[in-house]
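The structure under discussion appears below in the form of structure tokens.
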Amino acid sequence: MSNASNANAGAGGKPKTAVTPTRADNYQEWYQQVIAAADLAENSPVRGCMVIKPWGYALWENIQHVLDGMFKATGHSNAYFPLFIPVSFLEKEAAHVEGFAKECAVVTHHRLELKDGKLVPAGELEEPLIVRPTSETIIGASFAKWVKSYRDLPLLINQWANVVRWEMRTRLFLRTAEFLWQEGHTAHATAPEAVDETMKMLGVYADFAENYMAMPVIPGEKTAGERFPGAVQTFSIEAMMQDHKALQAGTSHFLGQNFAKASDIKFLDDKNVLGHAWTTSWGVSTRLVGGLIMTHADDDGMICPPRLAPKHVVIMPIARKPEDRVKVLESANALAAELRAQLYDGTGVRVELDDRDIQGKRWHWVKKGVPLRIEIGLRDIEAGTVSLERRDQDTSAKTAIPRAELVATVGAILTAMQANLLARARAYQTENTRVIDTKEEFYAYFAEPAKKNANDPTPIHGGFALAHFNGDPALETKIKEDLKVTVRCVPLAPGEPGTCPFTGQPSAKRVVWAKSY
RNA sequence: CGGGGCGUAGCGCAGCCUGGUAGCGCACUUGGUUCGGGACCAAGGGGUCGCAGGUUCAAAUCCUGUCGCCCCGACCA
Numbered sequence: 000m001s002n003a004s005n006a007n008a009g010a011g012g013k014p015k016t017a018v019t020p021t022r023a024d025n026y027q028e029w030y031q032q033v034i035a036a037a038d039l040a041e042n043s044p045v046r047g048c049m050v051i052k053p054w055g056y057a058l059w060e061n062i063q064h065v066l067d068g069m070f071k072a073t074g075h076s077n078a079y080f081p082l083f084i085p086v087s088f089l090e091k092e093a094a095h096v097e098g099f100a101k102e103c104a105v106v107t108h109h110r111l112e113l114k115d116g117k118l119v120p121a122g123e124l125e126e127p128l129i130v131r132p133t134s135e136t137i138i139g140a141s142f143a144k145w146v147k148s149y150r151d152l153p154l155l156i157n158q159w160a161n162v163v164r165w166e167m168r169t170r171l172f173l174r175t176a177e178f179l180w181q182e183g184h185t186a187h188a189t190a191p192e193a194v195d196e197t198m199k200m201l202g203v204y205a206d207f208a209e210n211y212m213a214m215p216v217i218p219g220e221k222t223a224g225e226r227f228p229g230a231v232q233t234f235s236i237e238a239m240m241q242d243h244k245a246l247q248a249g250t251s252h253f254l255g256q257n258f259a260k261a262s263d264i265k266f267l268d269d270k271n272v273l274g275h276a277w278t279t280s281w282g283v284s285t286r287l288v289g290g291l292i293m294t295h296a297d298d299d300g301m302i303c304p305p306r307l308a309p310k311h312v313v314i315m316p317i318a319r320k321p322e323d324r325v326k327v328l329e330s331a332n333a334l335a336a337e338l339r340a341q342l343y344d345g346t347g348v349r350v351e352l353d354d355r356d357i358q359g360k361r362w363h364w365v366k367k368g369v370p371l372r373i374e375i376g377l378r379d380i381e382a383g384t385v386s387l388e389r390r391d392q393d394t395s396a397k398t399a400i401p402r403a404e405l406v407a408t409v410g411a412i413l414t415a416m417q418a419n420l421l422a423r424a425r426a427y428q429t430e431n432t433r434v435i436d437t438k439e440e441f442y443a444y445f446a447e448p449a450k451k452n453a454n455d456p457t458p459i460h461g462g463f464a465l466a467h468f469n470g471d472p473a474l475e476t477k478i479k480e481d482l483k484v485t486v487r488c489v490p491l492a493p494g495e496p497g498t499c500p501f502t503g504q505p506s507a508k509r510v511v512w513a514k515s516y
């Protein structure tokens, strides 16, 4: 489609990068090409919905596995609630209606009949059902039944599910009409307990993002305009993508008693006083896979952080002559077994042995982002070494390492790579974050570079701006209109008071401004 | 939902203006030569040109409609 997509192919040479276009050439197109090159997902016949392919789904499964453990370690239990929600449930919370009604898929019939060779809906439902865009209301109905006494609290529930939001514009992983997520829903006897829960889960997300995804995040509170519909307070973790935009990677909401009142979640406290429970909800979605891509992937494709990688190591036997093949394969299989017996991150090292007799294997795995690539051939066997390549290093960097040393240190190498990816991402975020104290500098920072053509993708520019803000929603709206920049969050980390550069009024602390996904 | 662009083989594209046998590169299959940094040669397979109408002797090409994708907005956790 674009000229950029084949700009560095052709001309008799090999592509300089495994993925075209590069990030700098066309970031949006690059993102899609990485997904295709790594075989993570593809568009489906259904508008806005994606097919998550095995490699992409394996990343999600690893995300699920780790988070599920974290939720259980913090006292939560999994349960499952219906996909369908009666429309009347949504109506119960006014702000919620406003927030979600426009993007609800609605089921109005329950039967199909054949008419003139076509199936047409029949059997209209008395009350339409919406396909859940989020489950506060349907889970609230259950909570109302489950909670009678302060002894029933706190109620700490999580659900792994799919949800549907009929979005105008979709992007694989980042915003799809249907997506997979988890939604935690809890009820508490007091406001402070619910706030504690809200903050605890935000902390779990921040921990997961940094320590598993190797994606540095800024935890903070959303401004009123960005608040979850119906929430009293919304908190998020915000990550910087390689186009300098912010990705909201997880949210945690303190819902006050809004949903408890809407769903009638009432209990008798220890003084025999009837009151409404205090609830929270929090979630992360398959969007995290998009975050992983845009945090780590490069112009050669995906880079999987070791702790979430579907495979840690791929072994590629080098033996094209049939007479060598048996010996090399035997050695490669033995190496695979030795590596699988090693522990990394509390589990056996995940090893793929790719013995396909094809060309281009190496690039295949580069694009998929397997952390370690190992080549083993006759020369290695004789020397007692293997050839090791790390995906976080240049694709031309290959080191011979004694086989026994590799087996002994594979866990340490993966640990080092995980740390390197985080450090690299953190440095990137720091480099593209600026403390700004004047309106002029702020506007210049976010000004879009000139485009050759009005319909070209917007070049990478700007970043995170740390600037004071008087908190006025009207000012935030004005800045959004001017620059498409919004307050991503008011960081939880302590900050100094100062002066709002836009109004000259006092400001409690600097907030994070950026363009966002 | 508004503006723009694009739908031709798995992927990337040419052909369309000026209607007349469906093309190229990569990928794939087979054979051979290669092989430790994206191999080469040869022979093959694969497309009702997004879909539906219309004009025409004849439509990938012209006209109308429609669906989808992408970009820029609007919208949005």
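Under numbering that gives the first Met the number 0, the letters of the first sequence match residues 0 to 516, in that order.
In this text, a Cβ means the ideal position worked out from N, Cα and C, and glycines have one as well.
Item	Value
Which whole-angstrom value describes the C-beta separation of Y149 and A188, a residue pair presumed to lie in contact below a C-beta threshold of 8 Å?	5 Å
Would you mind working out which of D242, W362, A78 sits nearest G462, comparing C-alpha positions?	D242
Our contact map puts R339 next to G347 with C-beta atoms below 8 Å; I'd like the distance itself, whole angstroms only.	5 Å
Using the C-alpha atoms, what's the distance from L58 back to A399?	29 Å
Any idea what DSSP makes of R433, helix, strand or coil?	strand
List, from N- to C-terminal side, the beta strand (DSSP E) runs of 3 residues or more that fit wholly inside the stretch 48-73.	49-51
Excluding the 5 residues flanking L124 on each side, which residues of the same chain have their C-beta closer than 8 Å to its C-beta?	V106, T107, H108, H109
Which partner residues does D297 have in the DSSP bridge list?	G300
What separation, rounded to the nearest whole angstrom, lies between the Cα atoms of R306 and E41?	24 Å
Between Q341 and M69, what straight-line distance do the alpha-carbon atoms span, to the nearest angstrom?	24 Å
For my contact list, G219 and C48 are in at a C-beta cut-off of 8 Å; report their separation, rounded to the angstrom.	With 8 Å as the limit, G219 and C48 do not qualify as a contact, their Cβ atoms being about 31 Å apart.
Count the other C-beta atoms from every protein chain shown that fall within 10 angstroms of the C-beta of T498, then say buried if there are 16 or more, exposed otherwise.	exposed
For the stretch 141-226, which segments carrying the beta strand (DSSP E) assignment without a break, of at least 3 residues, lie completely within its bounds, in sequence order?	154-163, 177-187, 216-220
May I ask which residues mark the beginning and end of the beta strand (DSSP E) holding Q232?	232-239
Please state whether the Cβ-Cβ distance between S141 and F83 is less than 8 Å.	no
Are L421 and F445 close, meaning C-beta to C-beta below 8 Å?	no
Mapping the DSSP letters down to three states, classify R131 as helix, strand or coil.	coil
Quick one: Cα of S515 to Cα of H460, how far?	12 Å
Starting from R389, trace the beta strand (DSSP E) both ways and give me its first and last residue.	384-389
Excluding five sequence neighbours on each side, which residues of the same chain lie with their C-beta closer than 7 Å to the C-beta of D455?	none
If you draw a straight line from the alpha carbon of S262 to that of E388, how long is it in whole angstroms?	56 Å
Helix, strand or coil: how does DSSP classify A6 here?	Here the model assigns A6 a pLDDT of 33, short of 50, so the residue's position is not dependable, and the following value carries that caveat. Coil.
For K13, which three-state DSSP category applies?	For K13, the predicted model reports a pLDDT of 48, less than 50, meaning its position is unreliable and no value from the coordinates is stated.
Determine the direct distance from the alpha carbon of D436 to that of S506, and round the result to whole angstroms.	12 Å
Suppose contacts are defined by Cβ-Cβ distances below 8 Å. Is A193 in contact with T278 by that definition?	yes
Which same chain residues, not among the five before or five after A121, have their C-beta less than 7 Å away from its C-beta?	H108, R110, L111, E112
Would the stretch 145-164 and the stretch 175-184 be scored as touching if the rule is three or more Cβ pairs under 8 Å?	yes
Can you tell me which of G410, D195, E90 puts its alpha carbon nearest to the alpha carbon of K260?	E90
Going by DSSP, what residue range makes up the beta strand (DSSP E) through N42?	40-42
Can you say whether N271 is buried or exposed, counting buried as having 16 or more other CB atoms within 10 angstroms of its CB?	exposed
Just mark M167 as buried or exposed, buried being the case when its beta carbon has 16 or more other beta carbons within 10 Å.	exposed
Rounded to the nearest angstrom, what separates P309 and G255 at their Cα positions?	39 Å
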